[in-house]
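Remarks on the structure that follows.
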Amino acid sequence: MNIPDQSFDPTHIEGYHAHIYYRDQNQRQVAAKIREVIEARFDVVLGRWRDEPVGPHPLPMYQVAFDKKVMAEILPWLMSVRGSLSILVHCCTGGNDLLDHTAGAFWLGGELDLNTAIFGDEIGRTG
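The numbering of the sequence shown is this note's numbering, which starts it at 130 and goes up by one.
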């Protein structure tokens with residue numbers, strides 16, 4: 130994957146998404162336990178279970194959407210409970226999905242290859 134140099138104004142960040150991936154039924158059970166606690170403990174919006182790859186995501190997963198103010202609390206918690214799961218955390222700038230999922234992203238656990246081709250050429254749009 131050849132991603133051009135990207136930068137953006139951090140004031141364009143409206144919030145964040147965490148994508149919690151799982152490979153098999155055992156990992157799905159771990160992801161389900163994490164989901165239960167997230168829902169009870171944090172101010173988030175949970176996406177539905179995606180038991181097949183969707184969009185740029187190469188594995189089954191669910192999305193957790195949260196506001197900037199939640200980042201400092203949820204990030205260390207996710208780091209401490211993820212076990213063997215891979216989690217993509219990316220910003221939401223509201224205007225450039227490619228940038229959000231690449232330059233505005235980081236991984237907890239093993240990095241997966243996203244299908245960024247679905248975003249087309251969005252480099253010039255920065256939200």
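Where a beta carbon is used, it is the ideal one built from N, C-alpha and C, also for glycine.
Since this is a predicted model, take the numbers as computed values, not measurements.
For Leu217, the first and last residue of its enclosing beta strand (DSSP E) = In the DSSP annotation of this structure, the continuous segment of the beta strand (DSSP E) that includes Leu217 starts and ends at Ile216 to Cys221.
task = Pull up the DSSP beta-bridge partners for Met190, would you.
result = According to DSSP, Met190 bridges with Tyr150 and Arg179.
ask   = What separation, rounded to the nearest whole angstrom, lies between the Cα atoms of Ile149 and Gln156?
value = Spanning the two alpha carbons is a distance of roughly 10 Å.
request  = Please check the pair Gly212 and Val159, which I expect to be a contact at CB under 8 Å, by giving their CB distance rounded to whole angstroms.
outcome  = The beta-carbon separation of Gly212 and Val159, rounded to 5 Å, stays under the 8 Å limit for a contact.
query = Is Leu241 helix, strand or coil by DSSP?
reply = The three-state secondary structure of Leu241, taken from DSSP, is coil.
Through-space distance from His219 to Tyr145, alpha-carbon basis = Distance from the CA of Tyr145 to the CA of His219, rounded to the nearest whole angstrom, comes to 6 Å.
message = Taking the straight line between their C-alpha atoms, what separation do you get for Glu165 and Phe248?
response = In this structure, the CA atom of Glu165 is about 31 Å from the CA atom of Phe248.
message = Our contact map puts Thr222 next to Ile142 with C-beta atoms below 8 Å; I'd like the distance itself, whole angstroms only.
response = Rounded, the Cβ-Cβ distance is 6 Å, consistent with contact.
message = Taking the straight line between their C-alpha atoms, what separation do you get for Gly253 and Gly184?
response = In this prediction, Gly253 scores a pLDDT of 45, lower than 50, which makes its location untrustworthy; no coordinate-derived value is stated.
message = Distance check for Ala246 and Ile203, CA to CA, integer angstroms please.
response = Near 29 Å, if we compare the C-alpha coordinates of Ala246 and Ile203.
task = Go ahead and pull the three-state DSSP assignment for Ala232.
result = Three-state result, Ala232: coil.
message = Check for me: the alpha helix (DSSP H) holding Pro205 runs from which residue to which?
response = Counting along the chain, the alpha helix (DSSP H) containing Pro205 begins and ends at Lys197 to Val210.
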